[in-house]
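Novice:
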Amino acid sequence: MQDDFSGDQFRPQQVRAYSYVRMSTRKQVRGDSLRRQLERSKAFADEHSLLLDNSLQDLGVSAWKGRNFKTGALGRFLAMVENGQIPKGSYLLIESLDRLSREAVPDALTLFMAIINAGIVIVTLGEDRQVYSRSGLNGDWTKLIIGLAVMSRGHEESQTKSERIRAVAKRKREQAREGKGHITSITPAWIDAERIDAHRYAFTLNQHAETVKAIYEMAARGLGATAIARKLNADGVSAFKSKDGWYQSIIKALLTRQDVIGTFQPHRIIDGKRVPDGDPIADYFPAAIDKDLFLRVQAMRCNPGRPGRKGNTFANLFTGLCHCTHCGGPMTMKISRVKGNENDRYLVCANYVRGHRCKDGKRHFRYEPFEAAVLDHVSEINLAETLRGKRFDGAEKEVEEAIAALTLQLEELHRKEQRLAQAVEDDNQPLDAILTLLKVRQAERQAIEAQLRHQHAERQRLTHRHNDPIDTCSRIAMLRRRWAKTTDETTRYSLRSEVHAAIREFITEIVFDSNDHFAIIIIANGVSAYRIRNGRIGGRFRALTA
């Protein structure tokens, strides 16, 4: 092929040349390709007295879907050309036209012509060794035909490679679902992988599996992500990867992951985004915890009344339960600013404090006597009678598991809808079929949401986990004795967090009346109620009649 590098088209003055290097794989970066392209650019610039700029690099960036132009260095180069930062007449040095784009020929040609029309001279340094400029193409269309052939070849190679990779990935997923192989050696932190053959690995639990189990057990006892992280850091438990210990975000993410029970969700990359690919595969990994523990934690997570972080010491054991009887708003904790009472804490209507929607909830209820009154008289509250309504063949457990299972189904349906919405943008998929299936998925989601609302309402009708009221009372008393003896804030927080979870098992709500200065503790959704005034439990009555 003729070498077009000689002639009057190259001016002796110091024009700038930009060497554009693009390599889509790390293997190419580690190999000789980068050195070869840079050496060719330097030789060309030296031969034609051009100032060389080697900063234009897209390493590990594919041109198959135009990422190098949309978000990479090539796109930034064109933006600088358009705003005048790079003058017309500058050179763009590339190894081949397929380094610019591997998209379909019409798209690749559009990009090519945009560069040419901007006054940039494109030089290919590979086998074809061509110079493309607007003036040159006006006189010789043969070069453009050569360029189109290169573009077509590059697109076809990428298309074939993409289809081959997609077929291999699809076969791997099918084998994994049939239990005949595995997709990848990448595993969660608590699982090690040892290669058996090309498509199979031996997965085994490592030392982190015990940490996963401990985290889920703490969550099942009512501890939140913050309390769990503090406990793990205080005990010196090694984090999975971080050397900075445990964070609340890590715990929260772990408590949502289905791979702790051995389920694996395949993914694929679409437009640079990692999206679920097909349904999850059950029993793919060895389980770190049993499914019952997982479902119990999921049921607690989806409890709409569960509060968030409670400060450093979990000051309010009744957070999320206390409301103003006048406006229905939440009660908030305030610290006394009166001299001599600086450490006194009070519960007061949050709406009244901010001057919105409540004019009557002005009274401040001292917190310490209130907490002591409730905890001192827990055993005297007739829990046996109030919890008796939940003793019918494990109905409460079935509701909790149903809520957890429906929540997982709802999450999976959301993922399926996202995948279908993504497929709408893929021109290779039949649009009518996708839209029809999307409507089906939306109908399924709406049905699941309705079932979930029903189960939440059913759970509100039942009392929470423990069937034995004596066990609840003794557990609260034991935890209370332990926090009274400790001076460690982390331990105290964890213990009070557990008491909070135990209290929520039988106390549905506490309403505060500022006019008459008393609070009413509602047990088991109104099966019974207790009045408390000035730190003392008063009368008991039925909040609801059968």
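With the first letter of the sequence shown counted as 1, position 370 gets the number 370 in the UniProt record's numbering; the numbers rise by one all the way through. Ideal placement from N, C-alpha and C gives every residue a C-beta, glycine not left out. The structure presented is a predicted model; accordingly, all values stated were derived computationally and were not measured.
How should Phe-240 be labelled, buried or exposed, when 16 other C-beta atoms within 10 angstroms of its C-beta is the threshold for buried?
Specialist: Exposed, by the Cβ-count rule.
Novice: On the criterion of 16 or more Cβ atoms from any shown chain inside 10 Å, does Met-478 qualify as buried, or is it exposed?
Specialist: Counting Cβ neighbours within 10 Å, Met-478 comes out exposed, since fewer than 16 surround it.
Novice: Reducing DSSP to helix, strand and coil, say where Val-121 ends up.
Specialist: Note: Val-121 maps to strand in three-state DSSP.
Novice: Looking at the structure shown, is Pro-87 part of a helix, part of a strand, or coil, going by DSSP?
Specialist: Reduced to three states, the DSSP call for Pro-87 is coil.
Novice: Please state if the CB of Arg-257 and the CB of Thr-407 are separated by a distance shorter than 9 angstroms.
Specialist: No; because the gap between Cβ atoms is not below 9 angstroms, this pair is not in contact.
Novice: For the putative contact between Asp-513 and Thr-325, defined by C-beta atoms under 8 angstroms, what is the C-beta separation to the nearest angstrom?
Specialist: With 8 angstroms as the limit, Asp-513 and Thr-325 qualify as a contact, their Cβ atoms being about 5 angstroms apart.
Novice: Excluding the five sequence neighbours on either side, which residues of its own chain have a C-beta within less than 7 angstroms of the C-beta of His-208, listed in chain order?
Specialist: Excluding sequence neighbours, His-208 sits near Ala-189, Trp-190, Phe-240.
Novice: Distance, Cα to Cα, Arg-16 vs Ser-96?
Specialist: The alpha-carbon atoms of Arg-16 and Ser-96 are separated by roughly 19 angstroms.
Novice: Is the separation between the beta-carbon of Ile-261 and that of Asp-290 shorter than 9 angstroms?
Specialist: Yes, the pair counts as a contact, with Cβ atoms nearer than the cut-off.
Novice: Using the three-state DSSP reduction, which class does Tyr-346 fall into: helix, strand or coil?
Specialist: The answer is strand: DSSP assigns Tyr-346 an E or B state.
Novice: If we count the other Cβ atoms within 10 Å of its Cβ and call it buried at 16 or more, is Trp-246 buried or exposed?
Specialist: Buried, by the Cβ-count rule.
Novice: Can you name, in chain order, every residue of its own chain whose Cβ lies under 7 angstroms from the Cβ of His-267, other than the five neighbours on each side?
Specialist: Excluding positions up to five away in sequence, the list reads Arg-274, Val-275, Pro-276, Asp-277.
Novice: Just how far apart, CA to CA, sit Leu-137 and Leu-59?
Specialist: Rounded to the nearest angstrom, the two C-alpha atoms are 30 angstroms apart.
Novice: Relative to the C-alpha of Pro-286, which residue among Gln-248, Glu-217, Asn-206, Ile-269 is closest?
Specialist: Looking at the Cα atoms, Asn-206 is the closest of the given residues.
Novice: On the three-state DSSP scale, how would you describe Ile-94?
Specialist: Three-state DSSP puts Ile-94 in a strand.
Novice: Look up Val-399 in the DSSP assignment and say whether it is helix, strand or coil.
Specialist: In the structure shown, Val-399 sits in a helix (DSSP, three-state: H, G or I).
Novice: Starting from the Cα of Leu-56, find the closest Cα among Gly-89, His-48, Gly-84, Leu-93 and give me that residue.
Specialist: The option with the nearest alpha carbon to Leu-56 is Leu-93.
Novice: Suppose you measure from the CA of residue 597 to the CA of Arg-76; what does that come to, to the nearest Å?
Specialist: Within the shown structure, residues of the chain are numbered from 1 to 546, placing residue 597 beyond reach of any answer.
Novice: Of all the alpha helix (DSSP H) runs that stay within the bounds of the UniProt domain "Recombinase" (188 to 307), which reach a length of 4 or more residues?
Specialist: Within the UniProt domain "Recombinase" (188 to 307), the complete alpha helix (DSSP H) runs of at least 4 residues are 208 to 220, 225 to 234, 248 to 254, 291 to 301.
Novice: Can you tell which of His-377, Ala-114, Ser-474 has its C-alpha closest to the C-alpha of Pro-535?
Specialist: Checking the sequence shown, residue 535 turns out to be Gly, not Pro. Looking at the Cα atoms, His-377 is the closest of the given residues.
Novice: Over what stretch of residues does the alpha helix (DSSP H) that includes Thr-184 continue unbroken?
Specialist: Segment: none, Thr-184 is in no alpha helix (DSSP H) and carries neither H nor E.
Novice: Given this structure, state the Cα-to-Cα distance separating Ala-79 from Glu-47, to the nearest angstrom.
Specialist: Cα-Cα distance, rounded: 28 angstroms.
Novice: Just how far apart, CA to CA, sit Thr-493 and Tyr-346?
Specialist: Contrary to the premise, residue 493 reads as Tyr rather than Thr in this sequence. About 19 angstroms.
Novice: Just checking, does the stretch 505 to 512 make contact with the stretch 524 to 534 on the three C-beta pairs under 8 angstroms criterion?
Specialist: Yes, the stretch 505 to 512 is in contact with the stretch 524 to 534.
Novice: Using alpha carbons as the reference points, say which of Val-511, Val-297, Ile-120, Leu-50 lies closest to Gly-84.
Specialist: Cα-wise, what sits closest to Gly-84 is Ile-120.
Novice: For Cys-324, does the three-state DSSP call read helix, strand or coil?
Specialist: Three-state DSSP puts Cys-324 in a strand.
Novice: Over what stretch of residues does the alpha helix (DSSP H) that includes Val-374 continue unbroken?
Specialist: Taken as a continuous stretch (DSSP letters only), the alpha helix (DSSP H) holding Val-374 covers 367 to 376.
Novice: Strictly by DSSP, which residues pair up with Ala-519?
Specialist: Paired residue(s): Phe-512, Ile-532.
Novice: In its own chain, which residues sit with a C-beta less than 7 angstroms from the C-beta of Val-499, not counting the 5 before and 5 after it?
Specialist: Taken in chain order, the residues that qualify are Leu-317, Ile-476, Leu-479, Arg-480.
Novice: Given a threshold of 16 other Cβ atoms within 10 Å of its Cβ, counted over all protein chains shown, does Lys-231 qualify as buried or as exposed?
Specialist: Classification for Lys-231: buried.
Novice: When you compare only the Cα positions, how much space is there between Ser-49 and Tyr-91?
Specialist: Spanning the two alpha carbons is a distance of roughly 12 angstroms.
Novice: Are Arg-453 and Glu-417 close, meaning C-beta to C-beta below 9 angstroms?
Specialist: No, these two residues do not count as a Cβ contact at 9 angstroms.
Novice: With a CB to CB cut of under 6 angstroms and the five nearest residues on each side skipped, what residues in its chain are close to Gln-451?
Specialist: These residues qualify, in order along the chain: Leu-406.
Novice: For Arg-22, tell me which candidate among Asn-54, Asp-360, Ile-448, Ala-43 has the shortest Cα-Cα distance.
Specialist: Here the closest residue by C-alpha is Asn-54.
Novice: Between which residues of its own chain and Arg-419 is the CB-CB distance below 7 angstroms, once the five residues before and five after are set aside?
Specialist: The answer, listed in chain order, is Val-275, Pro-276.
Novice: Is the CB-CB distance between Met-331 and His-323 below 9 angstroms?
Specialist: Yes, the pair counts as a contact, with Cβ atoms nearer than the cut-off.
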